[in-house]
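There are 2 protein chains.
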Amino acid sequence: MAAFPFAIAAVDGAARTGVLKTSRGDIATPAFMPVGTAGTVKALTMGQVAATGANIILGNTVHLMLRPGSERVARLGGLHKFSGWSGPMLTDSGGFQVMSLAKLTKISEEAATFASPIDGSRHVLSPERSIAIQADHLGSDIVMQLDECIVWPSPEPRAADAMRRSARWGARCKIAFGTRHAQALFGIQQGSTFEPLRRESSERLIETGYDGYAIGGLAVGEGHQAMCDTLDYCTGFLPAHRPRYLMGVGKPIDLVEGVARGVDMFDCVLPTRAGRHGQAWTWEGSINLKSARFAEDETPLDVTSDCPASRDYTKAYLHHLVKSGEILAQVMLSWHNLAFYQTLMRSMREAIAAGRFEAFRREFHAGLRQAA
Amino acid sequence: MAAFPFAIAAVDGAARTGVLKTSRGDIATPAFMPVGTAGTVKALTMGQVAATGANIILGNTVHLMLRPGSERVARLGGLHKFSGWSGPMLTDSGGFQVMSLAKLTKISEEAATFASPIDGSRHVLSPERSIAIQADHLGSDIVMQLDECIVWPSPEPRAADAMRRSARWGARCKIAFGTRHAQALFGIQQGSTFEPLRRESSERLIETGYDGYAIGGLAVGEGHQAMCDTLDYCTGFLPAHRPRYLMGVGKPIDLVEGVARGVDMFDCVLPTRAGRHGQAWTWEGSINLKSARFAEDETPLDVTSDCPASRDYTKAYLHHLVKSGEILAQVMLSWHNLAFYQTLMRSMREAIAAGRFEAFRREFHAGLRQAA
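Laid out in structure tokens, this is it:
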């Protein structure tokens, strides 16, 4: 395994800050990874994404295997060359999309079989195929094991079965991944909101041994408090010296509370998806620019930001773009939200390094309360 | 009137190159003006537009009076501040949109009355109101007279009536415009494809006297050859020492043939509109990136371009974005097309300055023929 060096520079409570060194560049942690689903962080150029301060972006195995096809991406030189993102890239394994996106999915011990939502064609995703797609075709820097994802809520026996199958699939992924010096493989903890299952899952992952450890099966409808309650124990089950990645999370408050519980990496479509629907995040929570109250608001979203979308345009202009259905509304608000998320992560890294993360966390919550 | 200085640096046949100096910056001519319909050049940031080399963009009176309302734009500091474009801006008068876009339009000697396509509300656009919107509310640098636009083909008596009404409306516009030192007023030649009407229109315009002269009523369905045939005579009817602006034109071949006949300025939605539909312009004509023949084409649209959209991404990637319905496809192809148009204009300016415009024109046509 690659075991990209992970140097933790400071710890403050359970929160930590450091650097994960990959063969394509350093990732300052805690890190938020914009989601570049199908080879594009939706509505943005890679230059705009990089300008927000993102060190790493995410790609989706299932989206890319369906279109344009992972073999085609391979023939075109891999996902970095194809998409124009030269920094580190993490790919998810497809486990989550098989549950959430695909149709007519059947899961066996061997593999997941599903129908393409694009054209109905049948596809098979096994642990071995997921690794081949991620590591060989797409050329991902951080490869995720294939896992079996379940809906929330699920009964404990169902959660246990899926967690154990995920552990077995992870072991197969590790064999398929083999020895690679410029790529890393992350395992995924499952077990829903059941503490014994999260513990057992972690023990199985550690037995197999990975370069990093993800927390899956959260942000699937359980709500912020149940997520925090689960993170209270499940993060600590994972090795302290390797990066911990909370998958598919989340709102800014989720990121702050995740970091407070020792999470190092996050990804979520929320900043771009919500941005495409007129929603913008600020230190006082989220606002929807479609609201008539912004029609003559001459203030920008964030006058202190380096991001043109945050700093150089009035809310009145953004309101006009949203109301008019202009593509630029989707561009601007996606860009602003990603910039806000990166500013939030940088603020947390600085607070942890300075030993004042708890103060930062209190101020963050006070900002939200003030607006509410 | 402002009479922005217009210095013609070189003439080559009927083609000429020079600089129109405005209070917000210089416009190198022949110039192509990207259309920023409703305060946004669709899909692009103003930074991206400026990076293509555009000196001036266009705004639309009717779009902006309907949404967000020109008085609102005025309260927000004018269209430059509102949209973030600090260079020169030309606004059209609304004459063309009243014909092409509005519903239930009625034209009287006093004004055009029409229904908003957004909400059906009734609006009145008189010459005086058009000037107030453009010059006072939006703060346009180059204000266009209100004209009566007609469909093509129209019988000569109909074309004559509309041309004469346009001339009378122009004279009212000039009175309403008054004396302004930092803004210019352009008149609009009409007369369809009838030479005597184009001549009479020009005589009336010159009698009133404007800072620049536009050619309206072309690119409305008459076709490339009929447009060229009309330009053969109608450009020469206009004063040689003031800028000539061919409205709503066009394809690259139209720009080359317009310049060959003495046109200095152009605008058209084509590069952005076609870009949003997957079409890209090259020196060999236009291609549609949706075509499967680009699925594994590893060449960029224009390796010699400074524009990232033209230079840094393969046709295979752009094909993937178009096929996937990604917003980034619309961004990239709008950006590329505007960059291509600006490169075309710059090439023509350089060719005219070097006295080799005819050679350039032959090479341009040879490139198109080679591809056909």
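Chains A and B, in that order, give the protein sequences. Quick note: the first sequence uses the numbering used here, first residue 78, plus one each step. Quick note: the second sequence uses the numbering used here, first residue 78, plus one each step. Think of the CB as a built atom: it goes at the ideal place given N, C-alpha and C, for glycine as much as any other residue. Quantities reported herein were computed from a predicted structural model and do not represent experimental measurements.
If residue i and residue j are in contact, beta carbons under 8 Å, what's the gap, nearest whole angstrom?
{"i": "Ala179(A)", "j": "Ala192(A)", "result": "6 Å"}
{"i": "His214(B)", "j": "Ala151(B)", "result": "4 Å"}
{"i": "Tyr310(B)", "j": "Glu272(B)", "result": "5 Å"}
{"i": "Ile133(A)", "j": "Pro165(A)", "result": "4 Å"}
{"i": "Ile49(A)", "j": "Arg93(A)", "result": "Since the first residue of chain A shown is 78 and the last is 449, residue 49(A) is not available in this structure."}
{"i": "Ala253(B)", "j": "Pro204(B)", "result": "6 Å"}
{"i": "Glu403(B)", "j": "Thr349(A)", "result": "The pair is not a contact, with the Cβ atoms about 12 Å apart (cut-off 8 Å)."}
{"i": "Leu143(A)", "j": "Ile184(A)", "result": "Going by Cβ atoms, the distance from Leu143(A) to Ile184(A) rounds to 18 Å, so no, they are not a contact pair."}
{"i": "Gly339(B)", "j": "Thr312(B)", "result": "4 Å"}
Going by Cα to Cα distance, which pick from the options is closest to residue i?
{"i": "Arg101(B)", "options": "Lys367(B), His157(B), Arg199(B), Glu361(B)", "result": "His157(B)"}
{"i": "Leu167(A)", "options": "Gly247(A), Leu332(A), Tyr322(A), Glu205(A)", "result": "Tyr322(A)"}
{"i": "Leu262(B)", "options": "Ala244(B), Met142(B), Arg281(B), Tyr287(B)", "result": "Tyr287(B)"}
{"i": "Asp331(B)", "options": "Ala84(B), Leu135(B), Cys305(B), Thr190(B)", "result": "Cys305(B)"}
{"i": "Val175(A)", "options": "Ile227(A), Gln211(A), Ile219(A)", "result": "Ile227(A)"}
{"i": "Ser243(A)", "options": "Gly116(A), Ser163(A), Glu186(A)", "result": "Glu186(A)"}
{"i": "Lys400(A)", "options": "Arg275(B), Ala115(B), Ile85(B), Ile283(B)", "result": "Ala115(B)"}
{"i": "Gly154(A)", "options": "Pro232(B), Glu373(B), Leu308(B)", "result": "Glu373(B)"}
{"i": "Arg275(B)", "options": "Phe314(B), Phe254(B), Asp218(B), Gly255(B)", "result": "Phe314(B)"}
{"i": "Gln211(A)", "options": "Ser177(A), Ser163(A), His140(A), Thr182(A)", "result": "His140(A)"}
{"i": "Ala120(A)", "options": "Phe437(A), Leu405(A), Ala448(A), Arg433(A)", "result": "Leu405(A)"}
{"i": "Pro230(A)", "options": "Ser198(A), Ala296(A), Ile252(A), Gly216(A)", "result": "Ala296(A)"}
{"i": "Leu318(A)", "options": "Phe434(A), Ile283(A), Leu135(A)", "result": "Rather than Leu, the amino acid found at residue 318(A) in this sequence is His. Checking every option, the nearest Cα to that of His318(A) belongs to Ile283(A)."}
{"i": "Pro234(A)", "options": "Thr122(A), Phe371(A), Thr270(A), Ile85(A)", "result": "Thr270(A)"}
{"i": "Gln260(B)", "options": "Glu280(B), Ile292(B), Ile208(B), Gly339(B)", "result": "Ile208(B)"}
{"i": "Val333(A)", "options": "Thr182(A), Ala436(A), Trp246(A), Gly255(A)", "result": "Ala436(A)"}
{"i": "Gly95(B)", "options": "Pro232(B), Phe441(B), Arg426(B)", "result": "Arg426(B)"}
{"i": "Pro316(A)", "options": "Ser279(A), Lys251(A), Thr307(A), Ala351(A)", "result": "Ser279(A)"}
{"i": "Thr138(A)", "options": "Ile104(A), Ile85(A), Ile219(A)", "result": "Ile219(A)"}
{"i": "His258(A)", "options": "Ser217(A), Ile104(A), Glu440(A)", "result": "Ser217(A)"}
{"i": "Ala246(B)", "options": "Phe441(B), Arg281(B), Pro232(B)", "result": "Here residue 246(B) turns out to be Trp, not Ala, going by the sequence shown. Considering only alpha carbons, the answer is Arg281(B)."}
Are the beta-carbon atoms of residue i and residue j separated by less than 8 Å?
{"i": "Thr285(A)", "j": "Ala236(A)", "result": "no"}
{"i": "Arg353(B)", "j": "Gln407(B)", "result": "yes"}
{"i": "Glu375(B)", "j": "Thr359(B)", "result": "no"}
{"i": "Leu415(B)", "j": "Leu366(B)", "result": "no"}
{"i": "Ala431(A)", "j": "Gly90(A)", "result": "no"}
{"i": "Leu445(A)", "j": "His413(A)", "result": "no"}
{"i": "Thr106(A)", "j": "Asp341(A)", "result": "yes"}
{"i": "Pro320(B)", "j": "Gly289(B)", "result": "yes"}
{"i": "Gly130(A)", "j": "Ser160(A)", "result": "no"}
{"i": "Val326(B)", "j": "Gly335(B)", "result": "yes"}
{"i": "Trp162(B)", "j": "Met110(B)", "result": "no"}
{"i": "Met324(B)", "j": "Gly293(B)", "result": "yes"}
{"i": "Gly264(B)", "j": "Ala291(B)", "result": "yes"}
{"i": "Ala448(A)", "j": "Gly362(A)", "result": "yes"}
{"i": "Ala393(B)", "j": "Phe371(B)", "result": "yes"}
### Against chain A: residues of the region 108 to 139 of chain B by CB proximity under 8 Å
Listed by position, the residues of the region 108 to 139 of chain B near chain A (Cβ gap below 8 Å) are Ala115, Gly116, Thr117, Lys119, Ala120, Leu121, Thr122, Gly124.
### Query
Does the pairing of the region 218 to 227 of chain B with the region 159 to 177 of chain B give three or more beta-carbon distances under 8 Å?
The region 218 to 227 of chain B is in contact with the region 159 to 177 of chain B.
### Message
By the 8 Å beta-carbon criterion, what residues does the region 408 to 433 of chain B contribute toward chain A?
### Response
If the cut-off is 8 Å between Cβ atoms, the region 408 to 433 of chain B has Val408, Met409 near chain A.
### Message
Does the structure place the region 373 to 389 of chain B close enough to the region 411 to 424 of chain B that three or more beta carbon pairs sit under 8 Å?
### Response
Taking a cut-off of 8 Å on C-beta distances, the region 411 to 424 of chain B touches the region 373 to 389 of chain B, as three or more cross pairs fall below it.
### Query
Taking a cut of 7 Å between CB atoms, which residues from the region 292 to 307 of chain B lie near chain E?
Protein chains in the displayed structure are A and B, and chain E is not among them.
### Query
Quick one, which residues of the region 377 to 398 of chain A are near chain B if we go by CB-CB under 9 Å, in chain order?
Listed in sequence order: Pro385, Ala386, Asp389, Tyr390, Thr391, Ala393, Tyr394, His396, His397, Leu398.
### Task
Kindly confirm or deny that the region 297 to 304 of chain A and the region 134 to 148 of chain A touch, where touching means at least three C-beta pairs closer than 8 Å.
Here the region 297 to 304 of chain A makes no contact with the region 134 to 148 of chain A; the two share fewer than three CB pairs at distances below 8 Å.
### Query
the region 142 to 161 of chain B: which residues have C-beta closer than 8 Å to a C-beta of chain A, in chain order?
Only Arg144, Pro145, Arg149, Arg152, Leu153, Gly154, Phe159, Ser160, Gly161 from the region 142 to 161 of chain B bring a Cβ to less than 8 Å from some Cβ of chain A.
### Message
So if I threshold CB-CB distances at 8 Å, which residues from the region 172 to 203 of chain A count as touching chain B?
### Response
Those would be none; no residue qualifies.
### Task
Compile a chain-ordered list of the residues in the region 93 to 108 of chain A whose CB is closer than 8 Å to at least one CB of chain B.
Here the close residues number zero.
### Query
What residues in the region 357 to 373 of chain B have a beta carbon less than 8 Å from any beta carbon of chain A?
The region 357 to 373 of chain B vs chain A, Cβ under 8 Å: Ala372, Glu373.
### Task
For the region 238 to 254 of chain B, enumerate the residues whose C-beta is nearer than 7 Å to any C-beta of chain A, in chain order.
Answer in chain order: no residues at all.
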